[in-house]
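**Q** If you number the sequence shown the way our numbering does, the last residue is 1255 and the count never jumps.
Using N, Cα and C, we set each Cβ at its ideal position, and we do this for glycine too.
Model, not experiment: these values are computed from the prediction.
Have a look at this one before I ask anything.
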Amino acid sequence: MGDQAKLSAGGADFEYPILKGSVGPDVVDIRKLYAQTGKFTFDPGFTSTASCESALTYIDGDEGVLLHRGYPIGQLAEKSSFMETSYLLLNGELPSKDELTTFENTITRHTMLHEQLATFYRGFRRDAHPMAIMCGVVGALSAFYHDSTDIADPEHRKISSHRLIAKMPTIAAMAYKYSVGQPFVYPDNSLSYTGNFLRMTFGVPAEEYEVIPAIEKAMDRIFILHADHEQNASTSTVRLAGSSGANPFACIAAGIACLWGPAHGGANEAALNMLKEIGTPDRIPHYIERAKDKNDPFRLMGFGHRVYKNYDPRATVMQSTLREVFDALKVTDPLFETALRLEELALSDPYFVEKKLFPNVDFYSGIILSAIGFPTTMFTVLFALARTVGWVAQWNEMISDPGQKIGRPRQLYTGPTQRDYLAIDKR
Ligand code: CMC
């Protein structure tokens, strides 16, 4: 028998198996705990709870390591493409040349949206936040593509996964076009996944749009950096929604809604807004003091992470990509200087050092996206676009597991105990 964890409760002793993963902390299998002891565990925020078994992504937060199917994020960002990383996440192995070509062709065939969806967009207020549009339109996909929503059928799951990955750039670009009052641009399947997205976003029917290779590469790398991130809030939301048997379009819409929050994907928008508010480096100390003040709700956005207690490896790649984008566009942004100085000052401040608060993926991404031409409201949309592959891969992994159950957490109830209803004239 393997290692066991011992627990004493109510004068009796219990033993629970300790399960080992391929790497990372072991877990105590407490599935029989309630049946044996009549007790639940209490872990709001899941700080010590593994909610599932997964073979997709591994993070070592102390060492600042992120692996997709075993491959370090730095290597994927440097050598792979978003399409290849997507294949890897979905299928477990890097593709051969032929497999990659077939996968890219399949995704390319699904880039168009049902034409009636254009009417759906026009129902939104012109000033709607693009994330609100994303939640609505992605949820609505299930009303348009019902021929692929039998989740028990692996072929249906595959088709709907491909559709989601392929259509997300079209949906995101249309959300942008709608917000700026420009006509929607149809996909051009002669372009790469990322080149096509840039053209649908920044192109106009009146003139030819030329994709700048350096920007296409940078954008593709940004997509790779956001592709998956283990059991974060939005991925857990997708899994929980999917555990009830909901269709994948509805599940991804739930993930998008969760991602929107400023503690999660919305942090890239919040980080750039914060840098704009700080403005010049001389104002940084004031904001660092505010971030440290427990009576002030202000936090340094793009700083800190639930899992990383070291430099987020994605932030390192993001910083070098930022320099490449500036070089390619021959631009600079004074906010980059402010960001670098803020990082330097925070990382030498005992508050941030002791709490192990480092820049995360969102700290520099806003400056790059802004240089490429995206408004802040689109930042989280781009995160959602890229994370869709991770959500879909995690959802598929969960549904393919024959032992999968509906997710149903328990609670520590602290409300009133049973009492009798009192007629209104007696209250
Ligand atoms: N600025 C100032 N103090 C902070 C910050 C920050 N950005 N982040 C954490 N702290 C403090 C926090 O006040 C707490 O202090 P104490 O122990 O004295 O109460 C301590 O550090 C631990 O923070 P926590 O909120 O308990 O940690 P958490 O794991 O629940 O939160 C987090 C993680 C990412 C929500 C948080 O660090 C944060 O709000 N950061 C800013 C938002 C942000 O950048 N989010 C993007 C995350 S990366 C992309 C993604 O996954 O979506």
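Skipping 5 residues on each side, what residues in its chain have a beta carbon closer than 6 Å to that of Leu1185?
**A** Excluding residues within five positions, the ones whose Cβ falls inside 6 Å are Phe1131, Gly1132.
**Q** Can you list, in chain order, the residues of its chain with a C-beta nearer than 7 Å to that of Ile858? Leave out the 5 residues immediately preceding and following it.
**A** Closer than 7 Å at Cβ, skipping near neighbours: Tyr844, Thr869.
**Q** For the segment 907-935, list the alpha helix (DSSP H) runs that are entirely contained and at least 4 residues long, ordered along the chain.
**A** 910-919, all fully within the segment 907-935.
**Q** Should Ser1064 and Gly1093 be called a contact, given that it needs their Cβ atoms to be closer than 8 Å?
**A** In this structure, Gly1093 does not lie closer than 8 Å to Ser1064 by Cβ.
**Q** Given 7 Å as the limit, tell me if Leu1128 has its C-beta closer than that to any heavy atom belonging to the ligand CMC.
**A** Yes, Cβ of Leu1128 sits closer than 7 Å to a heavy atom of the ligand CMC.
**Q** Threshold first: 4 residues or longer. Then list the alpha helix (DSSP H) segments lying entirely within the segment 1142-1201, N to C.
**A** Runs found: 1162-1175, 1178-1182, 1190-1200.
**Q** Compare the C-alpha of Ser914 against each of Met1226, Tyr1136, Ala1221 and name the closest.
**A** Taking only the C-alpha atoms, the option nearest Ser914 is Ala1221.
**Q** Kindly give me the distance between the Cβ atoms of Leu1026 and Ala905, rounded to whole angstroms, as I take these residues to be in contact under 8 Å.
**A** In fact, because the Cβ distance is near 18 Å, the residues do not count as touching under 8 Å.
**Q** Who are the Cβ neighbours of Asn1096 in its own chain at under 6 Å, not counting the five residues just before and after it?
**A** Result list for Asn1096: Asp1190, Ser1193, Gly1194, Phe1207, in chain order.
**Q** Quickly, what does DSSP pair Val1008 with across the bridge? List them, please.
**A** Answer is none; Val1008 lacks a bridge partner.
**Q** Go to Phe948, then tell me how far its alpha helix (DSSP H) extends in each direction, as first and last residue.
**A** Per DSSP, Phe948 belongs to the alpha helix (DSSP H) from 945-949.
**Q** Could you spell out the range, first to last residue, of the beta strand (DSSP E) harbouring Asp1048?
**A** Looking at the DSSP string, Asp1048 is not in any beta strand (DSSP E); the run it does join, the alpha helix (DSSP H), is 1041-1054.
**Q** Please confirm whether Val1209 and Pro958 have their CB atoms less than 8 Å apart.
**A** Cβ atoms of Val1209 and Pro958: closer than 8 Å.
**Q** Unbroken alpha helix (DSSP H) runs of length 4 or more, entirely within the segment 954-1026: which are they?
**A** Taking only runs of at least 4 residues, the alpha helix (DSSP H) segments lying wholly in the segment 954-1026 are 958-972, 982-1008.
**Q** Can you confirm whether the segment 967-976 touches the segment 1073-1092 when touching is taken to mean that 3 or more C-beta pairs between the two stretches lie within less than 8 Å?
**A** Touching, yes, given that three or more Cβ pairs across the two stretches are closer than 8 Å.
**Q** Would you kindly work out how many angstroms separate the C-alpha atoms of Val1153 and Thr885, rounded to a whole number?
**A** Straight-line Cα distance between these residues: approximately 28 Å.
**Q** So for Ser836, helix, strand or coil by DSSP?
**A** Correct three-state label for Ser836: strand.
**Q** Give me the DSSP bridge partner(s) of Thr885.
**A** His896, per the DSSP bridge assignment.
**Q** Count the C-beta pairs between the segment 1147-1164 and the segment 1041-1052 that are closer than 8 Å, then say yes if the count reaches three, no if not.
**A** Yes: at least three Cβ pairs fall under 8 Å.
**Q** Leaving aside the five residues before and after Phe1180 along the sequence, list all residues of the same chain whose C-beta is less than 6 Å from its C-beta, in chain order.
**A** Around Phe1180: Ala1174.
**Q** Closer than 8 Å, CB to CB, is Asp1048 near chain C or not?
**A** The chain labelled as chain C is not found in the depicted structure, where only one protein chain is given.
**Q** Closest by CA to Trp1223, which one among Glu881, Glu1182, Ala960, Asp1161?
**A** Comparing Cα-Cα distances from Trp1223 to each of Glu881, Glu1182, Ala960, Asp1161, the minimum goes to Glu881.
**Q** Beta-carbon within less than 7 Å of Lys867's beta-carbon, same chain only, minus the 5 sequence neighbours each way: which residues are those?
**A** Same-chain partners within the cutoff: Ala837, Leu861.
**Q** Check whether the segment 986-1001 and the segment 928-943 touch, using three or more Cβ-Cβ pairs below 8 Å as the test.
**A** Enough Cβ pairs lie closer than 8 Å, so yes.
**Q** Within the present structure, is the beta-carbon of Asn1060 separated from the nearest heavy atom of the ligand CMC by less than 7 Å?
**A** Flag set: Cβ of Asn1060 near the ligand CMC.
**Q** Roughly how many angstroms lie between the CA atoms of Thr1160 and Asp955, to the nearest whole one?
**A** When rounded, the distance between both Cα atoms is 29 Å.
**Q** Assign Ala883 to one of two classes, buried (16 or more other C-beta atoms within 10 Å of its C-beta) or exposed (fewer than that).
**A** Ala883 is exposed by the Cβ-count criterion.
**Q** Buried or exposed: Leu1168, going by 16 or more other Cβ atoms within 10 Å of its Cβ?
**A** So Leu1168 counts as exposed.
**Q** If you compare alpha carbons, which of Gln1246, Glu1165, Gln1232, Gln1239 is closest to Ala980?
**A** If we check each option's Cα against that of Ala980, Gln1232 comes out closest.
**Q** Of the choices His942, Arg950, Val1008, whose alpha-carbon is the least far from that of Tyr973?
**A** Per the Cα distances, His942.
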